[in-house]
Amino acid sequence: MPEIADDEPLLAREPARFRRSGLAWVAVDAADVPAAYLIAERVDRNLHAAQVSAHPDQAGRAVGRLLLNHVADHAAAHGVPALTLTTFVDVPWNAPYSRCCGSHSLGDSELGPALREIRQQEAAPGLERWPRICMRRDL
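As structure tokens, then:
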């Protein structure tokens with residue numbers, strides 16, 4: 029997946045947009061250094077994890093799971109019925125990891141219009157060369 033590895037990072041204004049909306053979270057390590065982040069947006073009445081990333085040094089430490097659980101608690105406290113995300117099917121730290129965190133796969137007929145639009149936007153640059161799915165974690 030070299031195209032994914034070479035993908036440009038989010039522009040500086042993008043994380044700020046999520047932060048201003050109150051939908052950006054950062055996990056820090058013991059030295060107060062950012063270790064992982066999650067940015068989300070409201071999609072089809074749910075909270076959609078637009079990006080979850082952890083520093084490679086944090087692999088195996090469940091930092092992503094901690095962020096997902098924190099965001100799930102936040103969403104549930106605000107009456108949001110579910111968390112959604114789109115991810116790669118076969119990458120171990122993507123769909124399999126999301127299943128371990130309580131998400132299940134959604135079929136095409138289960139997608140709302142905004143989530144369907146996200147999938148179409150992801151397909152445009154060629155991400156569909158690697159199987160992707162939508163997932164949902166009911167809260």
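The sequence shown runs contiguously to residue 167 in my numbering. We put the CB at the ideal spot given by N, CA and C, even for glycine.
With 16 other Cβ atoms within 10 Å as the buried cut-off, status of residue i
i           : result
residue 128 : exposed
residue 135 : exposed
residue 166 : exposed
residue 164 : buried
residue 117 : exposed
residue 68  : buried
residue 100 : buried
Residue i - containing alpha helix (DSSP H), residue span
i           : result
residue 145 : 141–151
residue 94  : 91–105
residue 78  : Here residue 78 belongs to no alpha helix (DSSP H); instead the beta strand (DSSP E) covers 74–82.
residue 123 : 123–128
CB-CB length for residue i against residue j, believed under 8 Å
i           : j           : result
residue 103 : residue 75  : 4 Å
residue 143 : residue 71  : 6 Å
residue 63  : residue 82  : 6 Å
residue 55  : residue 111 : Not a contact, Cβ separation roughly 16 Å.
residue 160 : residue 114 : 6 Å
residue 80  : residue 88  : Incorrect: roughly 15 Å between the Cβ atoms, too far for contact.
residue 65  : residue 52  : 7 Å
residue 120 : residue 73  : Actually they are not in contact, since the Cβ atoms of residue 120 and residue 73 sit about 30 Å apart, beyond 8 Å.
Per-residue DSSP class, three states only, for residue i
i           : result
residue 162 : strand
residue 62  : strand
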